[in-house]
Every structure is written in structure tokens, then in C-alpha cells.
Amino acid sequence: MKILTSLSIFFLIILLIMPLFSQRETPPEGSQPKDFVLPAVKNFSLDNGFQASLVNYGELPKAVVRIMISAGNINESKENVWLADITMDLLKEGTSSLNAGEIARKAAGMGGTVNTAVGLDQSWIGGEVLSEFTPDLISLLAEILLSPGFPEKEFERLKKDYLRNLNIQKSRPQSLAQEKFLGVLYGDHPYGRIFPSESMISGYTLPQVKNFYEINFGALRAHIYVVGKFNAEKVEKSIRTSFASWKTGEETYVNIPQPQSKRKIYLVKRPDAPQSTIYLGLPVIDPTQEDYFPMLVTNTLLGGYFSSRITSNIREDKGYTYSPRSSITNHFRDAYWVQTADVSTDVTGAAIKEIFYEIDRLQNEAPTQDELEGVQNYMAGVFVLRNSSRTGIVGQLVFMNLHGLNNYLNNYVKNIYEVTPEDVQEMAQKYLKDDEMTIVIVGDQEKVRGQVERFAEIMK
Amino acid sequence: MKRNFQFLNTLDQEPEEQQIVGIQLNNGLQVVMLKNQRTPIVAVDLWYKVGSKDEQPGKSGFAHLFEHMMFEGSQNVGKAEHMKLINDVGGMVNGSTTQDRTNYWEIVPANQLELALWLEADRMQSLHVTRENFDNQRATVKEERRLRIDNQPYMRVLYELKDEIAYSNFAYKHSVIGSMEDLDRATLQDVRDFHDLYYRPNNAVLTLVGDFQMCHAAELIQKYFSPIPAGQSIPPVNLTEPPGKQEIRFNYEDQFAPFPAISVAFKIPERTHPDYYALEILEKILFDGESSRFYSRLVEEDQVALHVFGGQDGKFGPGLFFIFAQLHPQKHFSDLENTILQEFEKIGQDAISKQELVKAQNKIRHDFISQQESVRSLADLLCFYTTLSGNPEQLYREMSRFEKVTVDDLQRVARKYFSATNRSIIEIYPRKES
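First to last, the sequence lines map onto chains B and X. When you line the first sequence up against the numbering used here, it's residues 1 to 460, in that order. When you line the second sequence up against the numbering used here, it's residues 1001 to 1434, in that order.
Structure, rendered in C-alpha cells:
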């Protein structure tokens, strides 16, 4: 079945008239904004359930090919953390007829590389090549996915590489903070365990990897995205020829978590650390909920961009930190909000106080229309920038398909502009509850403890 | 025959899309424009030809600290207002400092080009800084240093020690972020002097790439930038490096490193040297991807390293070609070091296959096209070539220079630079538990 979708958005910019001091020049006003038109998407599927989306975009002679698989860390058991990652990586290490070197050389000969990534809900394999090689890359990716070689020697090497990776991650304060934060929120759910133990990695066997592949990889869980300049006819033919024989496989596994958060502090030891890495947050609503857009705007205004309130306060006003940021991370039917900051050890308590001050201020008083409009303009503008690259377009389509959002791209700008100052205040009250904030601090415990014990109970 | 690029005084008629056009104002500001209407956005990129190489001993980190000050207010723009004005029209903005240059960029919706130009001109014209803002940004930069270097594994070596050990000349020997002591020493008067000397139109290149009319843009640039007076000529910085006489070695204990590691750096010439092209291809052959020589040998075959990366470090002046590798826990440090040095020797002696060369050239072509994807990186490339050679059209000639490199060139260049007397080695060890 072929469906041709054309998406068109009127890109709305509210003209900026900002009153400044009278003796100063005022910034020039913009002229009439132009329409932003999203490129057309051609969708089709194969009989085995394999789905495809092709987008002809841009002028440079290149194309991105990405095959999303609805499997990831969510499919791992408690004893099998990172098994998804190792499985995906091992696919690149050899097929029934090509070894790792041959795969890498083939891709390099097309001017690209084969990359993989594993996420919580989804994983992907793909690459970016010069246009004329797009059909060849598709058939190479199909060979990798459909006829894996699972070479023993490379498996053993990969395990060592994962041990290294684990050690490097655990030597970074940001990873330690994230590990603790997600562990507190999600407990035993796969979203709550981001690191395996060393013995877990050492103990993995090839049959475990093959079993993970057999259960989780199949046409029904796969969706190919091709974005860029390419010969559409040849690309479609390559997709049909390469993937028609893939087994249908299992339906996507669904396991929606029930995250918990209470106002507690968790200190993670990092002796002599010059900074404290702070994670402060709680579960919030996912993109399918009615409040999603107001919440997105609320996050941006509070801590989500450079001119946000928390950044203005703890960076521009106080100089406590270089890169504070709040964000919403979405999973399938789940999400959490978190404010992060790396602050000097001696101002850890002061920084947390200011973060709560800004949350409370937003709960107590709606922002002005002017402040909100600035945030809305920023979000609408970044939306256009995000959609002006091949990988950006792939990302947007994947996001919509994961969350089942049909009119997301069409209505994004409109939905952002419909949010009112009162909505923002309401979102802060409804979802950013002070007494439910989990606070994680990675740093020099001895110097931090006394500064933060007034905010909440410090957990063992 | 090589054609010099002509900077015009004015634009009489609208040029074609994809044509690089340059104008030079009376105050010396060079402007380079390229029209590309695929998305209704414009990138504005302003490079000042000043970086950490221009700093004096005792003032390390100042060029970067100054970059922060450029967001703290100017004659008509309040503290942090520059960011806010751009964000509020849906644009993005940032700045960055390297050893060689400092840049400021905006990406704005096509209808907001004038705002970006007005803002950049305002802070080139005059800074309005206070003691309070200066202290605040100094604190922020110190946090940046802690975040990027002091609280991370291996970063002290990669960001700083590698250069400190390899270079003799202060210009490149010290880091962009600078030391905490030097940051403390900086004064408000330093900020004013720095702006007066370096932040002048005759020391800057402005590029515009995206969806705009060039004649209109040229008028706006004249309107906002031509009233800014030219400054004095900039004192040249001595970047010369004496040739290495013997191998340099250094041991470093890293507080947060989980594994021992090694850094080896060879001195190479400046970016405009003809050997640059062969060195770039050697970088691809040695380091790019899992089919590269170092990955195959160190990680896959001999399994002496857990991880490896390297290449040219991208300076304008005398640079470094370096490798960084983490030791496999079951191997000795000497196994790793010997294998690395053998591979560097081997590439100068054994034949490099034609296929290896072509693969590297394809990869460079791919990367080169990728760099031209976004309006911002294209604007940055135009600034780069204009700053480097005065000719933005070098962008279009660059690929043919890579294609002319032969296998013999690669071996000659490898033998010339990958020698024992030309290298410095840092051994990195995790801190012993007390």
C-alpha cells in the first residue's frame, strides 16, 4: 500500500517589539516570515510487516538510511543488562558471508559507515552514504540484519570493550548521577538499570545473544527510513528485494513502568570531586497526554534553554554553574522531567535552593505574556531548524511513530502558540511538585552533606 | 592557474545562488556571502582573528573568558539580552574560542537577519561591562573548566598536557581554558584593552549563508558595520617551533582514570603547508572507523588497547598528529607503546595499497560534503578559508588537492614526521588508592 503524505506548516513568528531604555537604539524588527514546508513522506509496507518511509530532501548528493527495530534495553531481564547493546554491536561484526573488516570496508567504499545505537524502547542500524550507493547500503544493512554471523572471536573482544565502556562511564559523574536517579524512579523496571555489573558482561554467552536476536528481531518490529537525495525507484526496489524474505517475528513487547518519586536526597560518593553533579526531578506525562504541549513549554521556560529562568538565575546571575539544563525524557507511555547542573562543591546547597525557588515562583505566579511569547518563538524556530537536516527529519518521524502521534508535525507550532501563561502556572503546580522531587548529588559527600540536609532526608 | 578572490566594494546586482560573493568595507571588515534557499533561515558567523595563541604568559584563558564577556552587554543591549533577543525570534546563538580564533554565530529565521547583524555590530562597536558581570563570568568559566577537565577522566591530558609537553613556544603550549590562577588575575581593564585591540572590523570576517537577498544584506552590513572605526594593526604572534631533538616523555597520575593510557604526539607543520593533505589521508587510514589500521591492530588483532583514537589536531600554526589509547587490563604498557610505534614506522615503510588510499579519499569526500550540509557549518567553512588564506573559494578547490595525493606522498610524509626525535609520549596511570 502506498500513502503519499504532504505536510505543510505556516511558520509563525510573532514580531518582536521589545521596549528598551529610551536612550538606547531598539533592535530592528523582522520582516514578514516565510512559510515552512515539510517535505512529503512516501510510506509503504511489505507483506511480512516491514515498514518503509522515504523522504526526498535536500540538494547534496547524500542519503541517510536508518532501520529502527522496536527492541532495546526494555527487552532485557535484570540479569541481562546491555545484552541488547552487545547483540546490536555483534551484528556489525560479521554476517554469514562477510567479516567485520569486509562490512566496514564495503561501507567505507560507499563513503560512509555502518552505525548502530540501542535505546530503551528502540534500536537502530543505519548509515549515511553518497546518493548513488543508497540501494547498496540498504542491501548491506539487510544482510547484516537477516544473516548475522555471530562470530565468537569478535564476541569476546566486544565483551572486553563493554567492560572498558562500563568503567569509563562509571568514572564520569554525570553517568553516576543518571544511574542513581533512574534507579530511584524506576526501581526494577528496565528503565531503572542503566549499567550491568562487570561479572554480568563477562558471563554473557553467544547462545544468549542469539536467543535475544531470535526473540526480538523480525520484520514486524522493523521500519526503514530513507531521507535525502536518492533514486526513489531503485531504493524501493532494493527495500522490497532485500527485506521480503525476513521472518515476520514477534509483536513489539510492551512494558509500561510505574515510576515513583519522593522528596529524598541520594548522595553518591566521589571523593575530592571539584563539583557536585545534581539531578533533581520526577516522573511527568508522556507525549500522548493532553497536557504534553503546555508541559513542554513550561519546561523550556523554566530551565530548557539559555534564557530560561533557572539558567538565568544559577548561571548568569550567580555563576554557580556552566551548563544547567532541564529536560523531559520520553519513553513509550512514560516520561520524566529533570533539572541537571554541575556546580562547585561549596555552592551545592545554594544551587538547590535557587532551583526550588524558581519552581515555586512559577507555581505561585503565571509568567507574563511577553516572557511566554519569547519561549514560544524560540520553540517554533528550533522546530524548523531541527527539521532542516536529514537526520533531524528521521528523528521526527521516528518520534511520531513510536508515540503514535498522527498530526504531531502539522500541529506542533500551533499547539505551542496555544499555551497561555495560566497553563504554564498550572503545569508547574500539577506536575512539578516540590514534595515529590528526587534529588541525586554526585560529589564530595563530606563537604556536601551539611549544605543539603535541610532540603530533605538523606537516604543511606 | 590559481585565481585570487576579489572582494568588491559594493554590489550592483543580485548574484546567483551558490555563488560566493565577498565585499570589504572601508574599515577593513571582510564579508563573505553565499545564498542557499533550501530552508528559510540564515546563518551569521563572525570570526575574530584572535585566540589563546595571542595571550601573554600569566594571562592564559583570557581570550575564552572574553568570549563570555561578549554576551554581557554592549551599548544598546543589556546583559544576556543578546541571547534572549535571538532566542525570542526562534533563533540559536553561540560562540566558541580556539587557539587561533574566536567566533560568534546566530542562526535566525530568514526575516530576522537584520536583528542578528545589528546585535553583532553593537558589540563590535562597544562593550558595556561591569565588575559584577565580569566576576560572574569568571566564576562560570571556572565551572566550565571543572566540568570539562578537572572532574573528568583523561581530559587534563587531552585538553592540556598533550600541548604543554609537546610545544616549546607559549602560544600553543598553554590551553584555551587557561589556569585558575591566571583567570583570577584577569582584570576589567584587560577586557577593555582586549576589545580595543582585537575586536576591530579589520581583524574580523563576517559570513552569511542561507535564504537572503545579497544586495539587501550588503546594505544592512554597510549601515551597521561601516560606522565602526578600524583599529591599529595586530601584532603578529611568533608561532615557530624548533625542530625536536629528542623524544620527550612524561608520566601523569589521573585522579579519575579507570585504566592506564598513552598519548603520543608528533609535531607537524602549519595548516597551509602542502603536507597537510597527505597527513589528513594518513589520519583516515590510521584512525577512521573499525577498518582503520590502529583499530584493527591494537583493538582487534593484538588486543593491547581497549580504545583508540587520534589524528591531526586542527591548529592553524604548527600542529600535532596524535594518538590516544587505553591499555588493555591484561597487557603491559610496553606492549601497547611498542605496537603503536611499530605501526607509525610501518606506514612509512611498507606499501600502502591503492585501495586504502581511495577508501580514505572517499571518506574525506563524504565528510567534506557533510560539512557543507548545514548553513552554519558552511558559514564556518567560509570564515575558515577566508581567515586562513584570504580566499573563501578555496572551499571548492580543496577536494582536488586530496585527490592528487599519491601513495608515495603518504610514505614520504609519514617518514618525515613520525620519527622518534619528533615525538612526545605521556604515560597516564590511575591514581593509587590511598
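For each residue, glycine too, the CB sits at the ideal point set by N, CA and C.
Cα-Cα separation between Ser97/B and Asn406/B, rounded to whole angstroms: Numbered from 1 along the first sequence, position 97 holds the residue referred to as residue 97/B. Numbered from 1 along the first sequence, position 406 holds the residue referred to as residue 406/B. Taking the straight line joining both Cα atoms gives about 41 Å.
Check whether Asp334/B and Asp286/B have beta carbons under 8 Å apart: Residue mapping note: residue 334/B aligns to position 334 of the first sequence, counting from 1. Residue mapping note: residue 286/B aligns to position 286 of the first sequence, counting from 1. Yes, Cβ-Cβ distance for Asp334/B and Asp286/B is below 8 Å.
Contacting positions in the stretch 1096-1124 of chain X - beta carbon closer than 9 Å to chain B: Listed by position, the residues of the stretch 1096-1124 of chain X near chain B (Cβ gap below 9 Å) are Ile1107, Val1108, Pro1109, Ala1110, Asn1111, Gln1112, Leu1113, Glu1114, Leu1115, Leu1117, Trp1118, Leu1119, Asp1122.
Nearest-angstrom Cα separation, counted from Thr438/B out to Ser77/B: Against the first sequence, residue 77/B aligns to sequence position 77. Against the first sequence, residue 438/B aligns to sequence position 438. If you take the alpha carbons of Ser77/B and Thr438/B, they lie about 25 Å apart.
Cutoff 8 Å: Pro274/B Cβ touching any chain X Cβ: Looking up residue 274/B in the first sequence gives position 274. True, the Cβ-Cβ gap to chain X drops below 8 Å.
Thr345/B and Val448/B closer than 8 Å at C-beta: For this step, residue 345/B is matched to residue 345 along the first sequence. For this step, residue 448/B is matched to residue 448 along the first sequence. Their beta carbons are under 8 Å apart, which means Thr345/B touches Val448/B by this criterion.
Proximal residues of chain X, C-beta to C-beta of Pro173/B below 7 Å: Translated into positions along the first sequence, residue 173/B becomes position 173. Correct list: Asn1151.
Under 8 Å between C-beta atoms of Asn1103/X and Asp1045/X: Locating residue 1103/X in the second sequence gives position 103, counting from the first residue. Locating residue 1045/X in the second sequence gives position 45, counting from the first residue. Going by C-beta atoms, Asn1103/X is nearer than 8 Å to Asp1045/X.
Exposure of Gln122/B, with buried meaning 16 or more beta-carbon neighbours within 10 Å: Residue 122/B sits at position 122 when you count from the first residue of the first sequence. By the neighbour-count criterion, in which a residue is buried when 16 or more other Cβ atoms sit within 10 angstroms of its Cβ, Gln122/B is buried.
Proximity below 8 Å, CB of Gly1310/X to CB of Asn1422/X: Walking along the second sequence from the start, residue 1310/X turns up at place 310. Walking along the second sequence from the start, residue 1422/X turns up at place 422. No, these two residues do not count as a Cβ contact at 8 Å.
Bridge-paired residues (DSSP) for Leu1208/X: If you number the second sequence from 1, residue 1208/X lands on position 208. Note: Leu1208/X sits in a beta bridge opposite Met1033/X, Val1044/X.
Cβ pair count under 8 Å reaching 3, the stretch 380-400 of chain B against the stretch 218-234 of chain B: Because the criterion of three Cβ pairs below 8 Å is met, the stretch 380-400 of chain B and the stretch 218-234 of chain B touch.
Through-space distance from Phe1384/X to Glu1393/X, alpha-carbon basis: One-based indexing of the second sequence puts residue 1393/X at position 393. One-based indexing of the second sequence puts residue 1384/X at position 384. Using only the alpha carbons, I get a separation of about 11 Å.
Residue interval of the beta strand (DSSP E) (run including Lys170/B): Here residue 170/B corresponds to residue number 170 of the first sequence, with the count starting at 1. No beta strand (DSSP E) holds Lys170/B; the alpha helix (DSSP H) holding it covers 152-170.
Where Tyr57/B falls, given that 16 or more other Cβ within 10 Å makes a residue buried: Here the question's residue 57/B lines up with position 57 in the first sequence. Tyr57/B comes out buried.
Residue-chain proximity (Arg1146/X, chain B), Cβ-Cβ < 8 Å: By one-based count along the second sequence, residue 1146/X stands at place 146. Using beta-carbon distances, Arg1146/X counts as an interface residue toward chain B, with a partner under 8 Å.
Neighbouring residues, chain X, relative to Tyr265/B (Cβ below 7 Å): If you number the first sequence from 1, residue 265/B lands on position 265. According to the sequence provided, residue 265/B is Ile. The question's Tyr does not apply to it. Those within 7 Å of Ile265/B in chain X number zero; the least Cβ separation is about 20 Å.
Asn167/B: contacting residues in chain X (beta-carbon distance under 7 Å): The residue you call residue 167/B lines up with position 167 of the first sequence. Those are Pro1258, Phe1259, listed as they occur along chain X.
Member of Asn1169/X, Ser1226/X, Arg1249/X, Ala1325/X whose CA lies at the smallest distance from the CA of Pro1258/X: Residue numbering aside, residue 1258/X sits at position 258 when the second sequence is read from its first letter. When each option's Cα is compared against that of Pro1258/X, the closest is Ala1325/X.
Cutoff 8 Å: Phe293/B Cβ touching any chain X Cβ: One-based indexing of the first sequence puts residue 293/B at position 293. Not an interface residue.
Three-state secondary structure assigned by DSSP to Met110/B: Stepping through the first sequence from its first residue, residue 110/B is reached at position 110. The DSSP-derived three-state label of Met110/B is coil.
Contact check, Lys1359/X vs Arg325/B, beta carbons under 8 Å: Residue 1359/X sits at position 359 when you count from the first residue of the second sequence. Residue 325/B sits at position 325 when you count from the first residue of the first sequence. Taking 8 Å as the cut-off, the Cβ atoms of Lys1359/X and Arg325/B do not count as close.
DSSP beta-bridge partners of Asn1004/X: Looking up residue 1004/X in the second sequence gives position 4. Its beta-bridge partners do not exist; DSSP assigns none.
Candidates Phe455/B, Ile74/B, Phe50/B, Asp444/B, of which the one nearest Ile256/B by Cα: Residue mapping note: residue 256/B aligns to position 256 of the first sequence, counting from 1. When only C-alpha atoms are compared, the closest one is Ile74/B.
Residue nearest to Ala1218/X in terms of C-alpha spacing, selected from Gln1024/X, Ser1292/X, Pro1329/X, Pro1430/X: Taking the first residue of the second sequence as position 1, residue 1218/X is located at position 218. It is Gln1024/X whose Cα lies nearest to the Cα of Ala1218/X.
Spatially closest choice to Pro1201/X from Cys1215/X, His1174/X, Gln1232/X, by CA coordinates: Position 201 of the second sequence, counted from the start, is the residue given in the question as residue 1201/X. Distances from the CA of Pro1201/X to each of Cys1215/X, His1174/X, Gln1232/X were compared; the closest alpha carbon is that of Gln1232/X.
Start-end ranges of the alpha helix (DSSP H) lying completely within the stretch 327-412 of chain B, minimum 4 residues: Counting only runs that start and end inside the stretch 327-412 of chain B, the alpha helix (DSSP H) elements of at least 4 residues fall at 348-364, 369-386, 390-403.
Sheet register partners of Trp246/B (DSSP bridge): Here residue 246/B refers to the residue found at position 246 when the first sequence is read from its first residue. Beta-bridge pairing links Trp246/B to no other residue.
Segment contact flag, the stretch 148-168 of chain B with the stretch 1299-1308 of chain X, C-beta cutoff 8 Å, min 3 pairs: Yes, since at least three Cβ pairs between the stretch 148-168 of chain B and the stretch 1299-1308 of chain X fall closer than 8 Å, the two stretches touch.
Distance, Val1129/X Cα to Phe1194/X Cα: As a first step, residue 1194/X is located in the second sequence; it is residue number 194 there, counting from the start. As a first step, residue 1129/X is located in the second sequence; it is residue number 129 there, counting from the start. Note on geometry: alpha-carbon atoms of Phe1194/X and Val1129/X lie some 13 Å from one another.
DSSP bridge partner residues for Gly1348/X (one or two, in chain order): Taking the second sequence and counting its residues from 1, the one referred to as residue 1348/X is at position 348. Residue pairing by DSSP leaves Gly1348/X without any beta bridge partner.
Buried or exposed by the 16-neighbour rule on C-beta atoms within 10 Å, applied to Arg1431/X: Indexing the second sequence from 1 puts residue 1431/X at position 431. Burial call: exposed.
Inter-residue Cα distance where the pair is Phe1066/X and Ile1177/X: Position 66 of the second sequence, counted from the first residue, corresponds to residue 1066/X. Position 177 of the second sequence, counted from the first residue, corresponds to residue 1177/X. About 11 Å.
Inter-residue spacing [alpha-carbon to alpha-carbon] between His1328/X and Phe1321/X: The residue labelled residue 1328/X in the question sits at position 328 within the second sequence. The residue labelled residue 1321/X in the question sits at position 321 within the second sequence. Distance between the alpha carbons of His1328/X and Phe1321/X is about 23 Å.
Ala40/B, DSSP secondary structure in three states: Working through the first sequence from its first residue, we reach residue 40/B at position 40. Reduced to three states, the DSSP call for Ala40/B is strand.
Near-chain X residues of the stretch 173-190 of chain B - C-beta to any C-beta below 7 Å: Of all residues in the stretch 173-190 of chain B, the ones placed with a Cβ closer than 7 Å to any Cβ belonging to chain X are Pro173, in chain order.
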